[in-house]
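Enquirer:
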Amino acid sequence: MADKPQTGELFGIPYNFERPSVGRLLSSYWRPGEGMLVEKPFGIGYTLNLASWRSWLVLGVAGALLYQERASRAGDDDDDEASEPVEVIVDDD
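Quick note: the sequence shown uses this note's numbering, first residue 121, plus one each step.
(1) Based on DSSP bridge pairs, tell me the residues matched to residue 163.
(2) Between the alpha carbons of residue 129 and residue 193, how many angstroms are there, rounded?
(3) Under DSSP, the alpha helix (DSSP H) around residue 143 begins and ends at which residues?
(4) Do you know whose CA, among 167, 148, 150, 151, lies nearest residue 157's CA?
(5) Just verifying my parser: in three-state terms, what is the DSSP assignment at residue 189?
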């Protein structure tokens with residue numbers, strides 16, 4: 121039985137199933153000379169390059185959107201008491 125490759129590319133998407141190490145993880149997420157996306161140290165696809173200011177901008181926007189969503193959910197819980205059904209009586213004279 122032939123050994124299957126642990127790293128490579130399939131349809132243009134990189135994969136790496138070698139056993140991860142701390143050094144490889146750190147060097148994969150911090151690559152100052154590369155773009156915003158880098159190959160994942162383990163698994164399939166790409167991840168953010170934390171050495172790029174664009175990655176921090178993306179993380180900040182995602183965090184702000186998450187905060188806004190959670191704040192709006194908390195605000196909706198308070199409005200539930202005020203939005204109870206109201207009985208309307210229509211008089212047909």
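Glycine included, C-beta positions come from ideal geometry on N, C-alpha and C.
Expert: With the structure as the only source:
(1) 136
(2) Approximately 42 Å, taken between the alpha carbons.
(3) 142 to 149
(4) 167
(5) Secondary structure at residue 189: helix, using DSSP grouped into helix, strand and coil.
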